[in-house]
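Structure, as structure tokens:
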Amino acid sequence: MKMFEFMAKDIFRAAGLPVPRGRVARTPDEAAAAAAEIGPVAIKSQVLAGGRGKAGGIKFADTPDEARARAAELLGSEIQGYRVEQVLVEEKLKIDGELYVSVTVDAATRRPLIMASRHGGVNIEEVPERDIVRRHVDITWGLYPYAARAVASRLELPAGLARQFTDILVTLYDLFRRYDAELVEINPLVISGDRLIAADGRFNVDDDALFRHEDLPRVSEATPLEQRVREIGLSYVELDGDIAVMANGAGITMATIDALAAYGGRAMNFLDAGGGAAAEPMAQAIGVLVSTNPKAILINIFGGITRCDDVARAILTVKERQGIPVPLVVRLVGTNEEEGVRMLQEAGIQAYRSMDEAAAKVVELAKGGR
Amino acid sequence: MAILIDEKTRVLVQGITGNQGRFHTQQMQAFGTRIVAGVSPGREGQEVHGVPVYDTVEKAVERHGANAAILFVPAPFACDAAFEAIDAGIKLVVAITEHIPLHDAMKMTAFARSRGATLVGPNTFGVISPGKSKIGIMPNHIYKPGPVGIVARSGTLSYEIAAALSNAGLGQSTVVGMGGDRVVGLSFIDILEQFEQDPETRAVVLVGEIGGTAEEEAAEFIKGMSKPVVAYLAGKQAPPGKRMGHAGAIIERGRGTYESKVKALEAGGAKVASMPWEVPDLVKQVLGG
Numbered sequence: 001m002k003m004f005e006f007m008a009k010d011i012f013r014a015a016g017l018p019v020p021r022g023r024v025a026r027t028p029d030e031a032a033a034a035a036a037e038i039g040p041v042a043i044k045s046q047v048l049a050g051g052r053g054k055a056g057g058i059k060f061a062d063t064p065d066e067a068r069a070r071a072a073e074l075l076g077s078e079i080q081g082y083r084v085e086q087v088l089v090e091e092k093l094k095i096d097g098e099l100y101v102s103v104t105v106d107a108a109t110r111r112p113l114i115m116a117s118r119h120g121g122v123n124i125e126e127v128p129e130r131d132i133v134r135r136h137v138d139i140t141w142g143l144y145p146y147a148a149r150a151v152a153s154r155l156e157l158p159a160g161l162a163r164q165f166t167d168i169l170v171t172l173y174d175l176f177r178r179y180d181a182e183l184v185e186i187n188p189l190v191i192s193g194d195r196l197i198a199a200d201g202r203f204n205v206d207d208d209a210l211f212r213h214e215d216l217p218r219v220s221e222a223t224p225l226e227q228r229v230r231e232i233g234l235s236y237v238e239l240d241g242d243i244a245v246m247a248n249g250a251g252i253t254m255a256t257i258d259a260l261a262a263y264g265g266r267a268m269n270f271l272d273a274g275g276g277a278a279a280e281p282m283a284q285a286i287g288v289l290v291s292t293n294p295k296a297i298l299i300n301i302f303g304g305i306t307r308c309d310d311v312a313r314a315i316l317t318v319k320e321r322q323g324i325p326v327p328l329v330v331r332l333v334g335t336n337e338e339e340g341v342r343m344l345q346e347a348g349i350q351a352y353r354s355m356d357e358a359a360a361k362v363v364e365l366a367k368g369g370r
Numbered sequence: 001m002a003i004l005i006d007e008k009t010r011v012l013v014q015g016i017t018g019n020q021g022r023f024h025t026q027q028m029q030a031f032g033t034r035i036v037a038g039v040s041p042g043r044e045g046q047e048v049h050g051v052p053v054y055d056t057v058e059k060a061v062e063r064h065g066a067n068a069a070i071l072f073v074p075a076p077f078a079c080d081a082a083f084e085a086i087d088a089g090i091k092l093v094v095a096i097t098e099h100i101p102l103h104d105a106m107k108m109t110a111f112a113r114s115r116g117a118t119l120v121g122p123n124t125f126g127v128i129s130p131g132k133s134k135i136g137i138m139p140n141h142i143y144k145p146g147p148v149g150i151v152a153r154s155g156t157l158s159y160e161i162a163a164a165l166s167n168a169g170l171g172q173s174t175v176v177g178m179g180g181d182r183v184v185g186l187s188f189i190d191i192l193e194q195f196e197q198d199p200e201t202r203a204v205v206l207v208g209e210i211g212g213t214a215e216e217e218a219a220e221f222i223k224g225m226s227k228p229v230v231a232y233l234a235g236k237q238a239p240p241g242k243r244m245g246h247a248g249a250i251i252e253r254g255r256g257t258y259e260s261k262v263k264a265l266e267a268g269g270a271k272v273a274s275m276p277w278e279v280p281d282l283v284k285q286v287l288g289g
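If you're matching them up, the sequences are chains A and B in order.
Counting from 1, one number per residue, gives the positions in the first sequence under the working numbering.
Counting from 1, one number per residue, gives the positions in the second sequence under the working numbering.
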């Protein structure tokens with residue numbers, strides 16, 4: 001789960017990290033009021049996308065009137081495909097330098113990884129490897145201050161800033177662990193005179209650990225449709241093709257989408273019914289597919305734990321409940337295959353044995369139109 | 001021979017009294033796995049399909065000499081269960097559980113490593129050596145004993161490929177599920193190394209997917225292998241930045257893309273199938289007949 005910048009900063013502030021003075025505004029008037037209190041400000045769109053500064057999502061204002069005008073421009077606009085519903089109105093900093101620092105999960109070594117650089121800011125992704133300091137942390141023992149000092153030392157900061165950096169990094173690692181974060185990032189960590197200030201922050205929390213963080217706000221990026229299928233307990237992602245797809249298991253669902261493409265078709269969604277879904281949730285999910293009005297539907301099941309008769313039952317339920325007005329291609333093999341295939345046949349639905357043939361067929365039907 | 005497990009492996013089921021635990025205990029028994037005990041706190045003295053249940057792993061190991069464990073414990077408690085198994089001296093822990101927090105997975109892998117134990121998963125379908133034993137949730141009927149080792153990130157996709165191989169007369173030595181999560185105990189390399197050493201394995205099929213850099217790292221290792229490798233990767237059409245089910249299936253900053261993985265694997269000498277059904281023919285080719 002990604003959090004908005006202002007949420008990340010609330011967490012930073014509560015942990016004692018230095019952040020600029022600021023307030024969230026949902027209307028131009030609120031932005032003006034915040035500027036009246038703070039002085040010259042930066043007005044920052046709160047969206048979950050990176051690269052927002054380059055996309056025009058950050059503006060500056062010296063007076064409350066200017067702040068109102070700039071906020072009016074940003075609120076309601078779209079930045080990187082996200083609608084701006086709130087802005088963070090923040091003290092404008094004097095910037096003498098920009099550092100980068102983050103803690104993330106390194107899958108290759110299965111350890112927390114600290115990355116830091118003297119060359120922070122909007123171009124961090126282009127900073128050459130030699131200018132990035134990396135240090136893994138043993139999760140059993142955690143981050144000792146000496147290791148944070150070692151990172152600061154490699155950044156070759158003056159003594160005062162190095163001390164501040166060390167404290168910030170130790171706190172950042174603590175937040176990373178305390179909140180089950182996937183990523184905690186400060187970019188830029190601004191050098192302003194003799195102080196370091198977290199001018200921007202990212203905080204991504206592991207979805208699978210949210211159960212033990214009731215205190216955190218919840219942010220969802222899912223579209224309403226994605227939300228609907230997730231509530232059934234299945235995994236759904238919208239894509240931009242016209243053939244609706246359901247398969248069981250993330251790997252085979254991706255492979256099914258690839259197979260469609262190999263025959264010149266395009267998937268409209270990724271719907272993973274999981275390795276062992278029961279008939280009713282599957283029926284609900286297929287119902288959602290039908291309601292999205294695709295050109296055709298492909299259901300690709302390799303029954304292991306999922307039983308083919310349950311799949312057939314789910315399809316028949318949808319047929320009865322709401323009808324299936326578009327071409328439907330089913331590939332059904334595995335556990336209880338004979339029973340499932342027979343049930344479908346009785347309802348006039350032919351099941352394929354090979355994924356290859358099923359993918360070719362559904363693309364042909366989708367191209368034939370309705 | 002086979003890798004990781006064989007007919008002598010003595011298996012303990014953690015979370016044996018839950019629905020999944022019960023069902024798969026029976027399935028594993030039907031396959032021939034030696035299930036020697038189960039653990040479910042507060043249920044000591046009960047039996048599940050003839051298997052005695054204990055409150056603690058320690059006791060189950062003491063009484064029955066279990067040397068491998070399979071976890072069907074709900075995600076919030078899975079880390080504790082894995083630590084319990086490893087602490088009791090179990091050297092192979094197969095964590096089936098999905099949605100284990102990432103930080104827990106890091107702790108589990110660190111602890112396993114410090115005790116010289118092997119952690120398979122989390123979010124794995126398990127390990128199977130056809131004709132010998134299975135510790136996992138894969139369907140029993142699709143495998144055949146034979147010379148092909150399979151290592152996969154994804155369960156159902158590996159079933160698809162194993163079944164296609166069996167249908168083509170190509171049996172399997174061992175099939176290993178690494179697990180679909182971002183942090184898992186075994187890497188492709190750990191498993192490829194074992195297949196390379198295993199006299200029964202003559203070729204290896206690697207089933208990967210987009211996201212992360214595990215396939216690229218495997219490609220480097222494949223260069224030095226004496227046995228041929230065939231790979232299939234899912235997710236060619238996945239749009240950048242979208243998560244598709246597996247935590248691992250995410251593309252970030254141009255790394256872990258389909259193209260980069262194919263390029264790396266081919267440079268390493270692997271044959272890459274563009275569709276799953278092409279795998280058996282490629283395996284026949286590399287086996288020379």
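The beta carbon of each residue, even a glycine, is placed where N, CA and C say it ideally should be.
Identity of the residue in the options nearest residue i by Cα
i: residue 169 of chain A; options: A/59, A/154, A/140 and A/17; result: A/17
i: residue 231 of chain A; options: A/133, A/253, A/328 and A/284; result: A/284
i: residue 178 of chain B; options: B/171, B/131, B/145 and B/218; result: B/218
i: residue 15 of chain B; options: B/270, B/124, B/116 and B/54; result: B/54
i: residue 167 of chain A; options: A/146, A/224 and A/212; result: A/146
i: residue 271 of chain B; options: B/238, B/237, B/161 and B/222; result: B/222
i: residue 178 of chain A; options: A/203, A/94, A/53 and A/319; result: A/203
i: residue 124 of chain A; options: A/114, A/184 and A/99; result: A/99
i: residue 174 of chain B; options: B/131, B/182, B/65 and B/156; result: B/131
i: residue 111 of chain A; options: B/265, B/4, B/185 and B/60; result: B/185
i: residue 260 of chain A; options: A/298, A/24 and A/45; result: A/298
i: residue 323 of chain A; options: A/197, A/20, A/291 and A/157; result: A/291
i: residue 256 of chain B; options: B/182, B/189, B/283 and B/288; result: B/182
i: residue 47 of chain B; options: B/147, B/13, B/119 and B/114; result: B/13
i: residue 234 of chain B; options: A/222, A/159, A/295 and A/258; result: A/258
Distance, residue j Cα to residue i Cα
i: residue 302 of chain A; j: residue 70 of chain A; result: 55 Å
i: residue 105 of chain A; j: residue 148 of chain A; result: 17 Å
i: residue 51 of chain A; j: residue 103 of chain B; result: 28 Å
i: residue 247 of chain B; j: residue 40 of chain A; result: Note that residue 247 of chain B scores a pLDDT of 40, beneath 50, so its modelled location is shaky and nothing firm can be said.
i: residue 190 of chain A; j: residue 152 of chain A; result: 14 Å
i: residue 182 of chain A; j: residue 210 of chain A; result: 12 Å
i: residue 285 of chain B; j: residue 79 of chain A; result: 51 Å
i: residue 371 of chain A; j: residue 267 of chain A; result: What is shown of chain A runs 1 to 370, which leaves residue 371 of chain A out entirely.
i: residue 163 of chain B; j: residue 279 of chain B; result: 11 Å
i: residue 356 of chain A; j: residue 129 of chain A; result: 43 Å
i: residue 245 of chain A; j: residue 332 of chain A; result: 14 Å
i: residue 287 of chain A; j: residue 279 of chain A; result: 12 Å
i: residue 194 of chain A; j: residue 207 of chain A; result: 38 Å
i: residue 7 of chain B; j: residue 70 of chain B; result: 16 Å
i: residue 229 of chain A; j: residue 100 of chain B; result: 21 Å
i: residue 253 of chain B; j: residue 170 of chain B; result: At residue 253 of chain B, the pLDDT of 49 sits below 50, so the modelled position is not reliable; the number obtained from the coordinates is stated separately. Distance between the alpha carbons of residue 253 of chain B and residue 170 of chain B is about 39 Å.
Residue i - DSSP class collapsed to helix/strand/coil
i: residue 172 of chain B; result: strand
i: residue 129 of chain B; result: strand
i: residue 72 of chain B; result: coil
i: residue 159 of chain A; result: helix
i: residue 12 of chain A; result: helix
i: residue 266 of chain A; result: coil
i: residue 112 of chain A; result: strand
i: residue 350 of chain A; result: coil
i: residue 64 of chain B; result: helix
i: residue 371 of chain A; result: With chain A covering 1 to 370 only, the question about residue 371 of chain A has no answer from this structure.
i: residue 84 of chain A; result: coil
Assumed close pair residue i, residue j - CB separation to whole angstroms, cut-off 8 Å
i: residue 199 of chain A; j: residue 155 of chain A; result: Incorrect: roughly 17 Å between the Cβ atoms, too far for contact.
i: residue 6 of chain A; j: residue 48 of chain A; result: That pair is no contact at about 12 Å.
i: residue 161 of chain B; j: residue 258 of chain B; result: Rounded, the Cβ-Cβ distance is 17 Å, inconsistent with contact.
i: residue 263 of chain B; j: residue 208 of chain B; result: About 13 Å separates the two Cβ atoms, so there is no contact after all.
i: residue 64 of chain B; j: residue 37 of chain B; result: 4 Å
Is the stretch 17-35 of chain A touching the stretch 61-73 of chain A in the sense that three or more CB pairs, one from each, lie closer than 8 Å? yes
Between the stretch 130-143 of chain B and the stretch 19-37 of chain B, do at least 3 Cβ pairs fall closer than 8 Å? At 8 Å Cβ cutoff, the stretches touch.
Assess contact between the stretch 186-205 of chain B and the stretch 225-232 of chain B, defined as three or more Cβ pairs (one per stretch) separated by less than 8 Å. Is contact present? yes
Would you check if the stretch 103-115 of chain B and the stretch 213-226 of chain A touch, i.e. whether three or more CB-CB distances between them fall below 8 Å? Too few Cβ pairs lie closer than 8 Å, so no.
Is there contact between the stretch 109-121 of chain B and the stretch 165-173 of chain B, where contact requires at least three CB pairs shorter than 8 Å? no
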